[in-house]
Amino acid sequence: MSFRAHVKRNLSSSAAASTLFQSDLIYVTAKHEPTSNFVISPVAIRSLLTIISISVIREPHRELLAAMGLKSSHQGVQEFKACRNANKDEFVFTQHNAIYVDNRFEIDMAFRVTCLEQFQTRPENINFEQLERITHHVNTWINEQTEDQIRTRIAADTMDVLQHNLLISIGRFESKWRKAFPKKFLTKSDFWLTPTEKVEVPMMHDYCELPFGELDELKATALVLPYRNLNVKLIILIPKEIDGLPKLEEDLKLQRVDITVLPSVLKTKNVRLGMPRVKLESNLLINEILKELGINAIFNDCIDFTRLLTAFNITKISQIRHIAAIEINDDGTGASSAKVSFLLTEIEKCTEFDINRPFFYAVTDNERIYFGGHITNTSNFISM
Numbered sequence: 001m002s003f004r005a006h007v008k009r010n011l012s013s014s015a016a017a018s019t020l021f022q023s024d025l026i027y028v029t030a031k032h033e034p035t036s037n038f039v040i041s042p043v044a045i046r047s048l049l050t051i052i053s054i055s056v057i058r059e060p061h062r063e064l065l066a067a068m069g070l071k072s073s074h075q076g077v078q079e080f081k082a083c084r085n086a087n088k089d090e091f092v093f094t095q096h097n098a099i100y101v102d103n104r105f106e107i108d109m110a111f112r113v114t115c116l117e118q119f120q121t122r123p124e125n126i127n128f129e130q131l132e133r134i135t136h137h138v139n140t141w142i143n144e145q146t147e148d149q150i151r152t153r154i155a156a157d158t159m160d161v162l163q164h165n166l167l168i169s170i171g172r173f174e175s176k177w178r179k180a181f182p183k184k185f186l187t188k189s190d191f192w193l194t195p196t197e198k199v200e201v202p203m204m205h206d207y208c209e210l211p212f213g214e215l216d217e218l219k220a221t222a223l224v225l226p227y228r229n230l231n232v233k234l235i236i237l238i239p240k241e242i243d244g245l246p247k248l249e250e251d252l253k254l255q256r257v258d259i260t261v262l263p264s265v266l267k268t269k270n271v272r273l274g275m276p277r278v279k280l281e282s283n284l285l286i287n288e289i290l291k292e293l294g295i296n297a298i299f300n301d302c303i304d305f306t307r308l309l310t311a312f313n314i315t316k317i318s319q320i321r322h323i324a325a326i327e328i329n330d331d332g333t334g335a336s337s338a339k340v341s342f343l344l345t346e347i348e349k350c351t352e353f354d355i356n357r358p359f360f361y362a363v364t365d366n367e368r369i370y371f372g373g374h375i376t377n378t379s380n381f382i383s384m
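Under the UniProt record's numbering, the sequence shown has 115 at position 115, and the numbering climbs by one with no breaks.
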């Protein structure tokens with residue numbers, strides 16, 4: 001079966017709409033951030049959008065559910081709980097949501113209870129006329145929720161005194177590789193920024209048995225690196241051409257590729273892998289990204305947030321901001337899996353795979369996309 005046929009078959013499955021929305025979030029963000037390294041957490045964004053879907057009625061409610069591929073807000077709540085319960089000792093994914101509403105609007109008590117019980121989220125009233133005070137309050141919350149692991153902060157000049165609300169989602173991920181990269185193999189190698197420009201950067205190297213394959217219809221090569229929780233993996237896509245990442249991401253969107261499907265079309269091979277170390281945080285205003293995905297009504301004037309506010313107040317969503325962080329390094333453990341060893345003759349047969357140009361990546365299991373993004377430059381590479 002061809003890659004395209006496999007993708008089309010998957011689109012007919014009941015779970016495909018949700019993971020396709022998560023994939024599209026990455027593809028559209030890539031379009032909006034063409035030259036910047038970025039990371040987003042589609043499942044964290046989806047949980048915040050599920051909260052919003054509970055707060056609105058009629059067309060905005062229906063539009064949100066359709067865009068997310070959900071049949072009901074209840075389904076979104078259940079998927080949030082399933083994602084939270086997926087955490088194990090060797091794999092920790094945390095997501096946090098914040099809802100700040102201007103003092104002019106009173107938050108409905110039933111909505112407060114729903115947010116707290118179902119999403120561990122406490123909606124708050126704040127005064128948007130005191131921007132410096134607000135930013136300090138919000139940044140303190142970010143620091144507390146992420147245990148100071150995310151350093152990005154909200155700036156006062158990104159808000160204004162007339163806005164009605166600020167919604168924030170945060171995603172953070174911790175895990176180790178199933179098989180660590182040996183530190184003795186860390187060497188400097190070339191990373192190509194353009195067909196004529198390269199930079200020497202530290203690269204991790206190892207010989208591994210990994211799912212690997214050429215995706216001719218996308219003009220790309222794919223590889224999967226498993227974490228200690230074998231259901232969670234890092235998927236990497238590299239274009240055949242050094243400057244081919246924008247076209248690859250465009251094709252992923254046009255061909256409606258559910259990124260969670262990719263590992264199933266790859267075959268395990270002996271690979272000599274070369275890979276840069278990356279530490280990345282993103283702080284993105286995602287209003288326009290969501291609009292491009294068909295979520296428009298909540299940003300329009302005259303939306304009835306009957307379930308959010310006590311009175312019949314007409315307002316709109318002012319800002320949805322998303323913060324995410326990921327680190328790709330040589331940490332991991334080989335003790336939790338079968339030892340992988342190669343004879344000299346096998347090493348000679350290894351497929352060489354150097355991640356030496358701008359690339360697309362995603363952290364997934366079979367049901368959701370925890371993180372995704374692209375690396376277009378070396379500004380977030382970890383030094384020797």
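We put the CB at the ideal spot given by N, CA and C, even for glycine.
Model, not experiment: these values are computed from the prediction.
**Terminal residues of the alpha helix (DSSP H) in which Trp-141 lies** = 131 to 145
**Message:** For Leu-234, count the other beta carbons within 10 Å of its own beta carbon; 16 or more makes it buried, fewer makes it exposed. Which is it?
**Reply:** buried
**Buried/exposed call for Asn-300, threshold 16 Cβ in 10 Å** = exposed
**Request:** Please specify which runs of the beta strand (DSSP E), each continuous and at least 3 residues long, are wholly inside the region 67 to 124, giving them in chain order.
**Result:** 91 to 102
**Request:** Out of Met-159, Tyr-207 and Leu-166, state which residue places its alpha-carbon closest to the alpha-carbon of Ala-180.
**Result:** Tyr-207
**Prompt:** CB Arg-272 to CB Glu-352, shorter than 8 Å?
**Reply:** yes
**Prompt:** If you follow the beta strand (DSSP E) that Leu-193 is part of, which residue opens it and which one closes it?
**Reply:** 187 to 194
**Asked** Looking only at its own chain, which residues have a Cβ that is under 6 Å from the Cβ of Asp-354, when we skip the five neighbours before and after it?
**Response** Gly-274
**Item:** Where the beta strand (DSSP E) containing Asn-265 begins and where it ends
**Value:** According to the sequence provided, residue 265 is Val. The question's Asn does not apply to it. Careful: Val-265 lies outside any beta strand (DSSP E) and carries neither H nor E.
**Asked** Between Pro-42, His-164 and Ile-126, which lies nearest to His-96 when the distance is taken from Cα to Cα?
**Response** Pro-42
**With 16 other Cβ atoms within 10 Å as the buried cut-off, status of Gln-255** = exposed
**Prompt:** Among Phe-191, Pro-226, Phe-381 and Lys-253, which residue has its Cα nearest to the Cα of Ile-242?
**Reply:** Phe-191
**Request:** Leaving out five residues on either side along the sequence, give the residues of the same chain with a beta carbon under 7 Å from the beta carbon of Phe-305.
**Result:** Ser-55, Val-56, Asn-313 and Thr-315
**Prompt:** Which term fits Glu-129, buried or exposed, when burial requires 16 or more other beta carbons within 10 angstroms of its beta carbon?
**Reply:** exposed
**Request:** Leaving out five residues on either side along the sequence, give the residues of the same chain with a beta carbon under 6 Å from the beta carbon of Lys-198.
**Result:** Asp-190 and Trp-192
**Asked** For Val-232, which residues of its own chain have a beta-carbon under 8 Å away from its beta-carbon, when the five flanking residues on both sides are left out?
**Response** Phe-91, Ser-175, Pro-226, Val-363, Thr-364, Asp-365 and Tyr-370
**Prompt:** So which of Asn-139, Lys-267 and Glu-59 has the shortest CA-CA distance to Arg-151?
**Reply:** Asn-139
**Prompt:** Going straight from the alpha carbon of Lys-269 to that of Phe-212, what length do you get?
**Reply:** 6 Å
**Asked** So the beta strand (DSSP E) Ile-238 belongs to, where does it begin and stop?
**Response** 233 to 239
**Request:** Name the one or two DSSP bridge partners that Gly-213 has.
**Result:** Ala-222
**Prompt:** Given a threshold of 16 other Cβ atoms within 10 Å of its Cβ, counted over all protein chains shown, does Glu-281 qualify as buried or as exposed?
**Reply:** buried
**Message:** So, does the region 30 to 48 touch the region 72 to 83, judging by three or more C-beta pairs under 8 Å?
**Reply:** yes
**Asked** Would you call the CB atoms of Pro-60 and Ala-324 closer than 8 Å?
**Response** no
**Asked** For Pro-195, which residues of its own chain have a beta-carbon under 7 Å away from its beta-carbon, when the five flanking residues on both sides are left out?
**Response** Ile-242 and Asp-243
**Request:** Find out if the Cβ-Cβ distance for the pair Ile-295, Leu-25 is shorter than 8 Å.
**Result:** no
**Request:** In angstroms with no decimal places, state the Cα-to-Cα distance between Asn-229 and Arg-104.
**Result:** 47 Å
**Asked** Cα-Cα, which of Glu-200, Ile-99, Val-261 and Tyr-27 is closest to Ala-222?
**Response** Val-261
**Prompt:** Between which two residues does the alpha helix (DSSP H) containing Ala-30 stretch?
**Reply:** 16 to 32
**Message:** Short of 6 Å in beta carbon distance, which residues of its chain neighbour residue 386, apart from the five on each side in sequence? Order them along the chain.
**Reply:** The shown model of the chain, from 1 to 384, leaves out residue 386, and the question about it has no answer.
**Message:** My assumption, with CB atoms under 8 Å, is that Leu-131 sits in contact with Val-101. Please give the rounded CB distance.
**Reply:** Contact doesn't hold; Cβ gap of about 15 Å is too wide.
**Request:** Quick one: residues in its chain with C-beta nearer than 6 Å to the C-beta of Lys-240, no 5 flanking neighbours on either side, listed in chain order?
**Result:** Lys-219
**Request:** Could you tell me how far apart the beta carbons of Asp-157 and Leu-308 are, in whole angstroms, since I believe they sit closer than 8 Å?
**Result:** With 8 Å as the limit, Asp-157 and Leu-308 do not qualify as a contact, their Cβ atoms being about 27 Å apart.
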